[in-house]
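In terms of our numbering, the sequence shown has 153 at position 137, counting the first letter as 1, and numbering is strictly consecutive.
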Amino acid sequence: MGRQVKCPYCELKLDKDDSVEYKKRYYHEECFETWRMEAEHRKELIEYICSLYKLDAPTGMMLKQIKEFQEDYKYKLKGIELALRYFHETLEKPVQSGTGIGIVPFVYEDAKKHFMMKLKVEESVEDLKTVESKSVTVQSPQFNYERKLQQIDIGSL
Ligand SMILES: [Zn+2]
Numbered sequence: 017m018g019r020q021v022k023c024p025y026c027e028l029k030l031d032k033d034d035s036v037e038y039k040k041r042y043y044h045e046e047c048f049e050t051w052r053m054e055a056e057h058r059k060e061l062i063e064y065i066c067s068l069y070k071l072d073a074p075t076g077m078m079l080k081q082i083k084e085f086q087e088d089y090k091y092k093l094k095g096i097e098l099a100l101r102y103f104h105e106t107l108e109k110p111v112q113s114g115t116g117i118g119i120v121p122f123v124y125e126d127a128k129k130h131f132m133m134k135l136k137v138e139e140s141v142e143d144l145k146t147v148e149s150k151s152v153t154v155q156s157p158q159f160n161y162e163r164k165l166q167q168i169d170i171g172s173l
């Protein structure tokens, strides 16, 4: 057994030998993946907010709102971004200054439904594509068969 270290993400102890090391800190593999993904999602959300409100950095109010949404509403960072995209891109509502991203709780559930539905449609389109490609592979042996026959005919002459 190796040295016991504390995972900075879940704050539980683990064996150093089983951990993922990143900048001298030791994570559970799963915790590391989640942490990396959240960092990525946070970056994407901030970038989206900045482009939406034409800011270089989100305001203190916005950062506070994000924190509240995560802690009080248990919203995911990607969910917050999708809620904003849904409101401004799908519903084509204009950006209003002064409210920060206060709209999020009002559209979060609708946005979730909207993107789930979209995902389902995309999945069924994918299914169709697989069916099509299957029918192509079914046809190719027939083609080979015919070619083989031709070759035999030529050989027997
Ligand atoms: Zn952990």
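C-beta: ideal position from N, C-alpha, C; glycine also. Just so we're clear, the structure is a prediction, and the values are computed from it rather than from any experiment.
Can you check DSSP and say which residues form a bridge with residue i?
i      : result
Gln217 : Residue numbering for the chain in the displayed model covers 17 to 173; residue 217 lies beyond these limits and cannot be assessed.
Tyr38  : Arg41
Asp4   : Here the chain covers residues 17 to 173 and nothing more, so residue 4 does not appear.
For residue i versus residue j, is the C-beta distance shorter than 8 Å?
i      : j      : result
Ile82  : Phe103 : no
Leu135 : Leu100 : no
Gly95  : Lys128 : yes
Leu28  : Arg58  : no
Gly18  : Met77  : no
Glu97  : Leu61  : yes
Trp51  : Tyr91  : no
Ala73  : Cys66  : yes
Val21  : Lys39  : no
With residue i as the anchor, note down where its beta strand (DSSP E) starts and where it stops.
i     : result
Arg41 : Arg41 to Tyr43
Let me confirm a value: residue i is counted as buried when at least 16 other C-beta atoms fall within 10 Å, else exposed. Which label applies?
i      : result
Pro110 : exposed
Gly141 : First, the amino acid is wrong: residue 141 is Val here, not Gly. It counts as exposed.
Asp169 : Confidence at Asp169 is low in this model, with a pLDDT of 49, below 50, so its placement is unreliable and the value that follows should be read with caution. Counting Cβ neighbours within 10 Å, Asp169 comes out exposed, since fewer than 16 surround it.
Phe122 : exposed
Ser113 : exposed
With respect to the alpha helix (DSSP H) encompassing residue i, which residues constitute its N-terminal and C-terminal limits?
i      : result
Lys83  : Gly76 to Glu87
Glu105 : Neither: Glu105 is in no alpha helix (DSSP H) and is coded neither H nor E.
Leu98  : Leu93 to Arg101
Starting from the C-beta of residue i, find all residues in its chain whose C-beta is less than 6 Å away, skip the five residues before and the five after it, and write them out in chain order.
i     : result
Cys23 : Leu30, Tyr43, His44 and Cys47
Tyr64 : Glu97
Leu79 : none
Please work out which residues of its chain come closer than 8 Å, Cβ to Cβ, to residue i, disregarding the five sequence neighbours upstream and downstream, and give them in chain order.
i      : result
Met132 : none
Leu173 : Any answer about Leu173 is weak, because its pLDDT of 49 lies below 50 and its placement is not dependable; what the coordinates show is given next. Nothing meets the Cβ criterion.
Asp143 : none
His130 : Tyr102 and Thr106
Spatial neighbours of residue i within its chain, please: C-beta separation below 7 Å, excluding the five flanking residues on both sides.
i      : result
Tyr89  : Pro121
Tyr124 : Tyr91, Gly95 and Ala99
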